[in-house]
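Undergrad: Here's a structure for you.
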Amino acid sequence: MHKLAQLDRRYVWHPFTQMRDWERAEPIVLVRGKGAMLEDAQGKKYLDGNASIWTNLHGHNHPKLNRAIERQLKQVAHTSALGLANKPASLLAEKLVKGAGCPLKKVFFSDDGSTALEVALKMAYEFTRRTGRSRAPRFLSLDGAYHGDTIGATSLGHIDLFHKSYSGLLFKSDKVAAPACYRCPFNRAKPQRRDARLYAKCNHECATQVEQKLERRKYAALVVEPRVQGAAGMVMHPPGWLKRVAAAARASGALLIADEVMTGFGRTGKVFAGGKEKVVPDLLCLAKGMTGGYLPMAATLTTQSVYNAFLGEYEEFKTFFHGHSYTGNQLGAAAALASWGLLHQPKAKVRRKAMERVLEHELDSLWALAAVGDVRREGLVVGVELVADWKTRRAFALKDRAGFSVCEAMARRGVLTRPIGNVIPLLPPYCTTDAQLRRMVRVLRESIVEVLGARQV
1233 MHKLAQLDRR
1243 YVWHPFTQMR
1253 DWERAEPIVL
1263 VRGKGAMLED
1273 AQGKKYLDGN
1283 ASIWTNLHGH
1293 NHPKLNRAIE
1303 RQLKQVAHTS
1313 ALGLANKPAS
1323 LLAEKLVKGA
1333 GCPLKKVFFS
1343 DDGSTALEVA
1353 LKMAYEFTRR
1363 TGRSRAPRFL
1373 SLDGAYHGDT
1383 IGATSLGHID
1393 LFHKSYSGLL
1403 FKSDKVAAPA
1413 CYRCPFNRAK
1423 PQRRDARLYA
1433 KCNHECATQV
1443 EQKLERRKYA
1453 ALVVEPRVQG
1463 AAGMVMHPPG
1473 WLKRVAAAAR
1483 ASGALLIADE
1493 VMTGFGRTGK
1503 VFAGGKEKVV
1513 PDLLCLAKGM
1523 TGGYLPMAAT
1533 LTTQSVYNAF
1543 LGEYEEFKTF
1553 FHGHSYTGNQ
1563 LGAAAALASW
1573 GLLHQPKAKV
1583 RRKAMERVLE
1593 HELDSLWALA
1603 AVGDVRREGL
1613 VVGVELVADW
1623 KTRRAFALKD
1633 RAGFSVCEAM
1643 ARRGVLTRPI
1653 GNVIPLLPPY
1663 CTTDAQLRRM
1673 VRVLRESIVE
1683 VLGARQV
């Protein structure tokens, strides 16, 4: 075993990982990357099939991102945002506000997706109290929601496997059914060997339920991941659902909090996923791809109205009492500015569309496999759901480790991704070539056949 692998096993506790399983095999120790490729300590190369947990946009070791960080490093690495401003954070805030559009006017920087959500929750909570809407604000989110692992963000989560053990620490939030067409909670979509969003026969009961919930109670905010619920299993929402529930939230007086930690920065085909339905929230949470996947940084954008609720004379103590040591960090902001520039290059937009077409074509071959229940794609986000019986949509038990076994087989073939239960996600960096995309899907198919069999539909 490589020395670095030994050190890892001896000292490191990994996130969302059963360490007993981890200790049974030699871990992959990554030491370098270039473009869409990663290399381990043994010299083996891998395709980065999930953009290093949904963070990397433009590829590893990108020269423009490297130079931006190096330039800033030669000036100053970090100064406090408590009572002080800095150049890259100010420039970045302007870019984000102009890119997000009205009514978003203000940016509060933090460190990661969870903290971006914590900021939004605290802002919405206090705004609701100070405007007299409610003295005990409550939040509404979706079944299967995952918004992070800090206490407030976890309180909005509705994935029992992740959240149940911490229930005694959490505040109460309400939930509504997610618009998950393949596993429709109202049973309006029978398996048809194509994306369930295209053939579901329904009256949009999932949207009606949200409207009814908002009518019955005064909520501080409706919290959603626009278009795609990542940790729920890349659950992709049908077109029109977001626009309808956003209108319902506004009509009820509730704020709309959009968690675009995963979907932001071009993943779904628009810079922000809400843009696909022309929905701009009251609070927008960003992280992951914000710096191109190079450095931890997050932001919460909000409206002038929310901002104004915290304005007052010093002795009124209406200040937003929240902050982080590395708020607005210069290195992160410099990387984010460079990433924003790359994202908006005309040739980059064309390339992302071309990647979508290649993926669409290649993924079509997976429908022939009986172990594949659903193949979902939104822009450059893919979720392939494995099933024990495609006709009944019967899922593999988690103890069967179907998803993990397929991903382990993919790693042996040189493609890295991480399952979400029985769902295999693919989120290629935007620099991934056509040949690499084809290889990614081919390896996924070969690995499904190896682990679950080649039986055809």
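For my numbering, add 1232 to where a residue sits in the sequence shown, where the first one is 1.
Every residue, glycine too, gets a C-beta built ideally from N, C-alpha and C.
(1) Less than 9 angstroms between the beta carbons of His1294 and Gly1521, yes or no?
(2) So, with DSSP's three-state summary, where would you put Arg1584?
(3) If you follow the alpha helix (DSSP H) that Lys1296 is part of, which residue opens it and which one closes it?
(4) When you compare the CB positions of Val1614 and Leu1575, do they come within less than 9 angstroms of one another, or not?
(5) When you compare only the Cα positions, how much space is there between Arg1644 and Ala1567?
(6) Go ahead and label Ser1346 buried or exposed: buried means 16 or more other beta carbons lie within 10 angstroms of its beta carbon, across all protein chains shown.
(7) Excluding the 5 residues flanking Phe1340 on each side, which residues of the same chain have their C-beta closer than 6 angstroms to its C-beta?
(8) With distances taken from CA atoms, which of Phe1248, Glu1255 and Gly1605 is nearest Asp1240?
(9) According to DSSP, simplified to helix, strand and coil, what is Leu1372?
(10) Please report the distance separating the alpha-carbon of Lys1585 from that of Gly1507.
(11) Which value, in whole angstroms, describes the spacing of the CA atoms of His1469 and Gln1444?
(12) Short check: CB of Ala1453 to CB of Phe1371, under 9 angstroms?
(13) Answer yes or no: do Ile1680 and Leu1601 have a C-beta to C-beta separation smaller than 9 angstroms?
(14) If you draw a straight line from the C-alpha of Phe1552 to the C-alpha of Thr1534, how long is it?
(15) For the alpha helix (DSSP H) containing Ala1570, list its first residue and its last residue.
(16) Note down the Cα distance separating Lys1422 from Leu1595, rounded to an integer number of angstroms.
(17) Spatial neighbours of Gly1389 within its chain, please: CB distance less than 7 angstroms, with the 5 preceding and 5 following residues excluded, ordered by chain position.
(18) Am I right that Leu1518 and Ala1530 are in contact with their C-beta atoms under 8 angstroms? What's the rounded C-beta distance?
(19) For the region 1304–1320 and the region 1554–1571, state whether three or more C-beta atom pairs, one from each stretch, are separated by less than 8 angstroms.
(20) From which residue to which residue does the alpha helix (DSSP H) around Ser1679 run?
(21) With a threshold of 8 angstroms, are at least 3 pairs of Cβ atoms found where one atom belongs to the region 1251–1266 and the other to the region 1280–1295?
(22) When you compare the CB positions of Ala1464 and Ala1412, do they come within less than 9 angstroms of one another, or not?
(23) Could you pull out every residue in the same chain whose Cβ sits closer than 7 angstroms to the Cβ of Ala1332, ignoring the five residues on either side in sequence?
(24) Under the rule that 16 or more other beta-carbon atoms within 10 Å means buried, what is Phe1549, buried or exposed?
(25) Where DSSP assigns a beta bridge to Gly1267, which residues make up the other side?
(26) Mind checking which residues open and close the beta strand (DSSP E) that includes Cys1517?
(27) Could you say which of Leu1684, Arg1677, Arg1671 and Val1647 lies nearest to Lys1276 if we only look at CA atoms?
(28) Is the distance from the Cβ of Leu1297 to the Cβ of Tyr1526 below 9 angstroms?
(29) Following a CB-centred definition, is Leu1533 positioned closer than 8 angstroms to any heavy atom of the ligand GTP?
(30) With DSSP as the reference, identify every bridge partner of Gln1461, one or two as the case may be.
(31) Taking just the CA atoms, how far does Arg1583 sit from Leu1598?
(32) From the beta carbon of Leu1336, is the nearest beta carbon of chain C less than 9 angstroms away?
(33) Cβ atoms of Ala1603 and Val1197: under 9 angstroms apart, would you say?
(34) Given Ala1564, which residues of its chain have a CB within under 6 angstroms of its CB, disregarding the five upstream and five downstream residues?
(35) How far does the beta strand (DSSP E) with Ser1342 in it reach, from first residue to last?
(36) Just curious, the beta strand (DSSP E) that Leu1658 is in, first and last residue?
TA: To lay it out plainly:
(1) One thing to note: His1294 has its Cβ no nearer than 9 angstroms to the Cβ of Gly1521.
(2) If DSSP states are grouped into helix, strand and coil, Arg1584 belongs with the helices.
(3) First-last of the alpha helix (DSSP H) with Lys1296: Pro1295 to Leu1305.
(4) No. Outside cutoff.
(5) Rounded to whole angstroms, Arg1644 to Ala1567 spans 33 angstroms at the Cα level.
(6) Taking every protein chain shown into account, the CB of Ser1346 has 16 or more other CB atoms within 10 angstroms, so this residue is buried.
(7) Counting only residues of its own chain and dropping the five nearest sequence neighbours on each side, Phe1340 has a CB closer than 6 angstroms to the CB of Val1351 and Thr1532.
(8) It is Glu1255.
(9) Residue state, collapsed to three classes: strand.
(10) One C-alpha to the other measures close to 16 angstroms.
(11) Taking the straight line joining both Cα atoms gives about 19 angstroms.
(12) The Cβ-Cβ distance between Ala1453 and Phe1371 falls below 9 angstroms.
(13) Between Ile1680 and Leu1601, the CB-CB gap stays under 9 angstroms.
(14) Straight-line spacing of the CA atoms in Phe1552 and Thr1534 works out to 13 angstroms.
(15) Residue range Gln1562 to Leu1575 is occupied by the alpha helix (DSSP H) that includes Ala1570.
(16) The straight-line gap from Cα to Cα measures roughly 20 angstroms.
(17) Once the five neighbours on either side are set aside, the close Cβ partners of Gly1389 are Ala1377, Tyr1378, His1379 and His1395.
(18) Correct: roughly 6 angstroms between the Cβ atoms.
(19) With the cut-off at 8 angstroms, the region 1304–1320 and the region 1554–1571 touch.
(20) Residues Asp1666 to Leu1684.
(21) Result yes; three or more Cβ-Cβ pairs closer than 8 angstroms.
(22) In this structure, Ala1464 lies near Ala1412, with their beta-carbon atoms less than 9 angstroms apart.
(23) Close CB contacts of Ala1332 within its chain, under the 7 angstroms cut and outside five residues either way in sequence, are with Phe1504, Val1512, Leu1516 and Leu1533 (chain order).
(24) Using a 10 angstroms sphere on the CB of Phe1549, the tally of other CB atoms stays under 16, which defines it as exposed.
(25) DSSP, once it has assigned bridges, lists His1292 as partnering Gly1267.
(26) That run of the beta strand (DSSP E) goes Leu1515 to Leu1518.
(27) Closest option to Lys1276, Cα to Cα, is Val1647.
(28) With a cutoff of 9 angstroms on beta-carbon distance, Leu1297 and Tyr1526 are scored as near each other.
(29) Because no ligand of any kind appears in the structure shown, any question about the ligand GTP cannot be addressed here.
(30) Its beta-bridge partners are Val1467.
(31) In this model, Leu1598 and Arg1583 are separated by some 24 angstroms (Cα to Cα).
(32) Protein chains in the displayed structure number just one, and chain C is not present.
(33) As shown, the chain starts at 1233 and ends at 1689. That puts residue 1197 outside it, with no answer to give.
(34) In the sequence as presented, Ala is not what sits at residue 1564; that position holds Gly. Around Gly1564: Thr1523, Leu1527 and Met1529.
(35) Taken as a continuous stretch (DSSP letters only), the beta strand (DSSP E) holding Ser1342 covers Leu1336 to Ser1342.
(36) It spans Val1655 to Leu1658 - the beta strand (DSSP E) in which Leu1658 sits, taken as one unbroken run.
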